[in-house]
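Participant: According to the numbering used here, the stretch in the sequence shown is residues 13 to 257, in order.
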Amino acid sequence: MPSITAVIAEDEPLLLEELSAKLQQHSQIDIVAKCTNGVAAVKAIQTHNPQLVFLDIMMPGLSGLEVVSKLQADVLPEIIFVTAYDNFAVKAFELAAVDYLLKPISSERLAQAIDKAEQKLAQQQANSKQKYLAASSEIQQTLLNIDNQTQLPSSDIMWVDAAGDYMCIHTQTDTHVMRCTLKGLQKILPEQDFIRVHRSTLVNVNYVQSVQALGKGDFNLNLADASQIRMSRSYAQNYPNLADN
């Protein structure tokens with residue numbers, strides 16, 4: 013059975029180790045990182061590009077919902093939410109996530125969740141982030157009206173990524189959702205400020221603080237808010253000065 017790379021994000025150290033120990037009983041799960049807060053979870057996911065994440069909903073720094081919003085659609089893993097609360101947020105994500113686990117986690121429920129993850133990993137993941145956004149829009153994010161009823165200066169936009177028919181527009185403080193195409197959005201953003209760094213990602217170069225080589229021609233762009241955005245080799249070739257930073 014092929015291995016499944018996984019990240020665990022849980023803010024309670026004892027529960028983190030308990031979940032890790034239970035996962036080690038499943039030989040197909042390869043734990044590549046363990047995190048105790050949302051910011052560390054984002055960095056671990058961006059660094060290791062895991063196939064699966066066990067993600068606590070309530071964490072310091074960033075909630076589980078906010079962690080998902082900060083990930084590029086192209087590198088979004090499958091998510092199993094872990095929570096102590098069977099509330100609206102859990103119900104909202106029930107159809108979008110692979111599964112959700114209520115604490116304390118039984119070995120039987122964990123095995124069921126892993127089975128679901130294996131099945132879903134065999135399917136196309138292109139629209140995964142769109143499903144998460146649709147489920148969380150009422151409780152997590154703000155709709156940005158394309159008719160300019162809501163104004164958002166382009167200088168406030170750090171990066172943009174596509175999730176199906178929606179654009180996720182990230183500022184230093186919020187994530188907004190716009191229903192349009194990436195090509196259409198590019199036409200109204202200043203060409204000198206916004207560059208294409210991935211198939212579905214734009215970055216405002218004014219927020220790039222440093223560039224980290226990942227090997228094989230790929231790079232991470234480190235932004236002002238500590239976000240890391242992957243720049244693929246095919247797009248890095250278009251910006252040799254940026255890649256040389």
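The C-beta atom is built at its ideal place from N, Cα and C for all residues, glycine as well.
Using 8 Å for Cβ pairs, my map puts alanine 225 next to phenylalanine 231. What's the rounded Cβ distance?
Facilitator: Working through the sequence shown from its first residue, we reach residue 225 at position 213. Working through the sequence shown from its first residue, we reach residue 231 at position 219. Contact flag correct, Cβ pair sits at about 6 Å.
Participant: Between which two residues does the alpha helix (DSSP H) containing glycine 76 stretch?
Facilitator: Residue mapping note: residue 76 aligns to position 64 of the sequence shown, counting from 1. 76–81 is the extent of the alpha helix (DSSP H) around glycine 76.
Participant: What separation, rounded to the nearest whole angstrom, lies between the Cα atoms of valine 215 and tryptophan 171?
Facilitator: Reading the sequence shown from its first residue, position 203 is the one you call residue 215. Reading the sequence shown from its first residue, position 159 is the one you call residue 171. Rounded to the nearest angstrom, the two C-alpha atoms are 4 Å apart.
Participant: Considering only residues of the same chain and omitting the five flanking positions on each side of alanine 85, which have a CB-CB separation below 7 Å?
Facilitator: Locating residue 85 in the sequence shown gives position 73, counting from the first residue. Same-chain partners within the cutoff: Lys141, Asp173, Ala174, Ala175 and Ser212.
Participant: What does the alpha-carbon distance come out to for the pair threonine 95 and valine 110?
Facilitator: Taking the sequence shown and counting its residues from 1, one reaches residue 95 at position 83. Taking the sequence shown and counting its residues from 1, one reaches residue 110 at position 98. Each residue's Cα considered, the two are about 14 Å apart.
Participant: Say yes only if the C-beta of lysine 199 is nearer than 7 Å to one or more non-hydrogen atoms of the ligand ATP, and no if none qualify.
Facilitator: The ligand ATP is not among the ligands present in this structure, which contains no ligands whatsoever.
Participant: Buried or exposed, going by whether 16 or more other CB atoms sit within 10 Å of the CB of alanine 138?
Facilitator: Here residue 138 corresponds to residue number 126 of the sequence shown, with the count starting at 1. Note on alanine 138: pLDDT 45, under 50, position unreliable in the model; the coordinate value appears next. Counting every other CB atom within 10 Å of its CB across the protein chains shown gives alanine 138 a total below 16, marking it as exposed.
Participant: What ranges does the alpha helix (DSSP H) occupy inside the stretch 23–49, keeping only unbroken runs of at least 4 residues that lie completely in it?
Facilitator: 25–35
Participant: Can you give, in chain order, each stretch of the beta strand (DSSP E) that sits fully within the stretch 160–205 and has at least 3 residues?
Facilitator: DSSP runs (the beta strand (DSSP E)) wholly in the stretch 160–205: 171–175, 178–182 and 187–191.
Participant: Figure out for me which residue from Leu31, Val51, Ala236 and Tyr97 has the closest Cα to the Cα of glutamine 184.
Facilitator: Position 172 of the sequence shown, counted from the start, is the residue given in the question as residue 184. Taking only the C-alpha atoms, the option nearest glutamine 184 is Ala236.
Participant: Kindly indicate which three-state DSSP category serine 119 falls into: helix, strand or coil?
Facilitator: For the purposes of this step, residue 119 is taken as residue 107 along the sequence shown, with counting starting at 1. Three-state DSSP puts serine 119 in a helix.
Participant: Can you tell which of Gln204, Ser39 and Thr48 has its C-alpha closest to the C-alpha of isoleucine 69?
Facilitator: What you label residue 69 is simply residue 57 of the sequence shown in a count that begins at 1. Among Gln204, Ser39 and Thr48, the Cα nearest to that of isoleucine 69 belongs to Thr48.
Participant: Tell me which residues share the same chain as serine 2 and place their Cβ nearer than 7 Å to its Cβ, disregarding the 5 neighbours each side in the sequence.
Facilitator: This structure cannot settle anything about residue 2, because the visible part of the chain is limited to 13 through 257.
Participant: Find out if the Cβ-Cβ distance for the pair histidine 60, valine 44 is shorter than 8 Å.
Facilitator: Stepping through the sequence shown from its first residue, residue 60 is reached at position 48. Stepping through the sequence shown from its first residue, residue 44 is reached at position 32. Contact: yes.
Participant: Leaving out five residues before and five after isoleucine 20 in sequence, what residues of the same chain have Cβ atoms less than 8 Å from its Cβ?
Facilitator: Mapped onto the sequence shown, residue 20 falls at position 8. Hits under 8 Å: Leu28, Leu31, Ser32, Leu35, Ile43, Ala45, Lys46, Cys47, Val65 and Phe66.
Participant: With a threshold of 7 Å on Cβ separation, who are the neighbours of serine 119 within its own chain once the five nearest residues in sequence on each side are excluded?
Facilitator: By 1-based counting over the sequence shown, the position of residue 119 is 107. The answer, listed in chain order, is Lys34.
Participant: Have a look at Arg121, Ile169 and Met71 and flag the residue whose alpha-carbon is nearest the alpha-carbon of proline 25.
Facilitator: As a first step, residue 25 must be located in the sequence shown, where it is residue number 13. Among Arg121, Ile169 and Met71, the Cα nearest to that of proline 25 belongs to Met71.
Participant: Using 8 Å as the threshold, is the C-beta distance between isoleucine 57 and glutamate 130 below it?
Facilitator: Residue 57 sits at position 45 when you count from the first residue of the sequence shown. Residue 130 sits at position 118 when you count from the first residue of the sequence shown. Not closer than 8 Å, so no.
Participant: When you compare each of Asp186, Glu203, Arg208 and Ala123 to lysine 82 by their alpha carbons, which one comes out closest?
Facilitator: Within the sequence shown, numbered from 1, the residue matching residue 82 stands at position 70. Here the closest residue by C-alpha is Asp186.
Participant: Do you know how far the Cα of leucine 201 is from the Cα of glutamine 240?
Facilitator: Start at 1 with the first residue of the sequence shown, and residue 240 comes out as number 228. Start at 1 with the first residue of the sequence shown, and residue 201 comes out as number 189. In a straight line, the C-alpha of glutamine 240 is about 21 Å away from that of leucine 201.
Participant: Roughly how many angstroms lie between the CA atoms of alanine 53 and lysine 195, to the nearest whole one?
Facilitator: As a first step, residue 53 must be located in the sequence shown, where it is residue number 41. As a first step, residue 195 must be located in the sequence shown, where it is residue number 183. Cα to Cα, alanine 53 sits roughly 30 Å from lysine 195.
Participant: What is the rounded straight-line gap between the Cα of tyrosine 97 and the Cα of glutamate 22?
Facilitator: Indexing the sequence shown from 1 puts residue 97 at position 85. Indexing the sequence shown from 1 puts residue 22 at position 10. Those two C-alpha atoms are separated by around 14 Å.
Participant: Based on DSSP bridge pairs, tell me the residues matched to asparagine 234.
Facilitator: Indexing the sequence shown from 1 puts residue 234 at position 222. Answer by DSSP bridge pairing, in chain order: Ser222 and Gln240.
Participant: Is the CB-CB distance between alanine 123 and leucine 113 below 8 Å?
Facilitator: If you number the sequence shown from 1, residue 123 lands on position 111. If you number the sequence shown from 1, residue 113 lands on position 101. No; because the gap between Cβ atoms is not below 8 Å, this pair is not in contact.
Participant: Can you list, in chain order, the residues of its chain with a C-beta nearer than 7 Å to that of asparagine 218? Leave out the 5 residues immediately preceding and following it.
Facilitator: In the sequence shown, residue 218 corresponds to position 206, counting from 1. Counting only Cβ-Cβ distances below 7 Å, and skipping sequence neighbours, we find Asp205.
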